[in-house]
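Q: Numbering (the numbering used here), first residue to last: 173 to 392.
Here a beta-carbon is modelled for each residue, glycine too, at the ideal position from N, C-alpha and C.
Quantities reported herein were computed from a predicted structural model and do not represent experimental measurements.
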Amino acid sequence: MRVDLAPWPWHSRAIKRVFDVTFAAAGLVVLSPLILGIAVAIKLDSPGPILYKQTRTSLFGETFSLVKFRSMDPNAEADGVQLSREDAGETDPRVTKVGHWLRKTHLDEIPQLFSILSGAMSVVGPRPERPAIDRELMADGLEWPKRWFVKPGLTGLAQINDVTGFEPETKLEYDLEYVRRRSLWFDIKLVCLQLWLVVTDLIPLTLQLRRTNEDPERHR
Numbered sequence: 173m174r175v176d177l178a179p180w181p182w183h184s185r186a187i188k189r190v191f192d193v194t195f196a197a198a199g200l201v202v203l204s205p206l207i208l209g210i211a212v213a214i215k216l217d218s219p220g221p222i223l224y225k226q227t228r229t230s231l232f233g234e235t236f237s238l239v240k241f242r243s244m245d246p247n248a249e250a251d252g253v254q255l256s257r258e259d260a261g262e263t264d265p266r267v268t269k270v271g272h273w274l275r276k277t278h279l280d281e282i283p284q285l286f287s288i289l290s291g292a293m294s295v296v297g298p299r300p301e302r303p304a305i306d307r308e309l310m311a312d313g314l315e316w317p318k319r320w321f322v323k324p325g326l327t328g329l330a331q332i333n334d335v336t337g338f339e340p341e342t343k344l345e346y347d348l349e350y351v352r353r354r355s356l357w358f359d360i361k362l363v364c365l366q367l368w369l370v371v372t373d374l375i376p377l378t379l380q381l382r383r384t385n386e387d388p389e390r391h392r
């Protein structure tokens, strides 16, 4: 698979790695109280583990174990791998009550900071997908492996434009655009945009939760 891509010099790769480690370590320290609160909420909301492991595709088609806070029922994929209907704006009955809030605020992604520390992921890059879905997209003729020339990321150009797996062609276009434009400053810009999106999603949900707690009979 050929891609119009200029290789990064070693110092650019080193700077990106320093940025990844610094961001992930700082994030885990700052978010440690929130991590504990989320863990308690998941256990109180539904039976099952706090964390959810899933095999995802990484650099050059290799695989790694991606870890997230569990947002679905433990047997959500008993019938096979499938995309969440929430990504298409619909209701997914497999998603738990707490899981819905975690997904809306992207807080279910926090454990992936450990994958960034280990080097399996980067802060910014194409969103890693499940191998089964990768194979389906390639069988449909999509040049999906082109996005494997950089490490997968926690956020990226496709993510901040709210492009999901239900739009694979558009997602691939955004991912390849990131591959061509990648730089430390571009990464910082995308991270700032993602943090802003998290804040704008979190504020209305927090206000809604506060109103519900103040007047539970009205929302029953």
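Identify, in the order they occur along the chain, each residue of the same chain with its Cβ nearer than 6 Å to the Cβ of residue 294, setting aside the five sequence neighbours on each side.
A: Once the five neighbours on either side are set aside, the close Cβ partners of residue 294 are 192, 323, 325.
Q: So residue 225 is in the beta strand (DSSP E); what residue range does that whole segment cover?
A: Run containing residue 225: 223–229, per the beta strand (DSSP E) assignment.
Q: For residue 190, I'd like the list of residues in its chain whose CB is within less than 6 Å of its CB, leaving aside the five on either flank, ordered along the chain.
A: Counting only Cβ-Cβ distances below 6 Å, and skipping sequence neighbours, we find nothing.
Q: Just the C-alpha distance for residue 298 and residue 230, rounded to the nearest angstrom, thanks.
A: Answer to the nearest angstrom: the Cα atoms are 9 Å apart.
Q: Would DSSP call residue 216 helix, strand or coil?
A: Note: residue 216 maps to helix in three-state DSSP.
Q: Could you please give me the residues that DSSP links to residue 237 through a beta bridge?
A: For residue 237, which the question treats as bridged, DSSP gives the partners 227.
Q: Taking the beta carbon of residue 188 as the centre, do at least 16 other beta carbons fall within 10 Å, making it buried, or is it exposed?
A: With 16 or more other Cβ atoms within 10 Å, it is buried.
Q: Pick from 206, 329, 184: whose alpha carbon is nearest that of residue 274?
A: If we check each option's Cα against that of residue 274, 206 comes out closest.
Q: I'd like the ranges of any alpha helix (DSSP H) spanning at least 4 consecutive residues and lying wholly in the segment 326–379.
A: Those alpha helix (DSSP H) runs which fall completely within the segment 326–379 and span 4+ residues are 329–332, 340–353.
Q: Assign residue 352 to one of two classes, buried (16 or more other C-beta atoms within 10 Å of its C-beta) or exposed (fewer than that).
A: Under this definition residue 352 is an exposed residue.
Q: Excluding the 5 residues preceding and the 5 following residue 277 in the sequence, name in chain order all residues of the same chain whose CB lies nearer than 8 Å to its CB.
A: Excluding sequence neighbours, residue 277 sits near 370, 373, 374, 377.
Q: Can you tell me which of 289, 219, 315 puts its alpha carbon nearest to the alpha carbon of residue 194?
A: Closest by alpha carbon: 289.
Q: Put residue 244 into one of helix, strand or coil per three-state DSSP.
A: Reduced to three states, the DSSP call for residue 244 is strand.
Q: First and last residue of the alpha helix (DSSP H) that includes residue 296?
A: Premise fails: residue 296 lies in the beta strand (DSSP E), 294–296, not in any alpha helix (DSSP H).
Q: Identify whether residue 187 lies in helix, strand or coil by the three-state DSSP scheme.
A: Helix.
Q: Is it buried or exposed for residue 363, if we count other Cβ within 10 angstroms and need 16 for buried?
A: So residue 363 ends up on the buried side.
Q: When the Cα atoms are used, what is the spatial distance from residue 333 to residue 357?
A: Going from the Cα of residue 333 to the Cα of residue 357 covers about 18 Å.
Q: Are there three or more Cβ pairs, one per stretch, closer than 8 Å when the segment 306–323 is compared with the segment 229–246?
A: Flag = yes, the segment 306–323 and the segment 229–246 touch.
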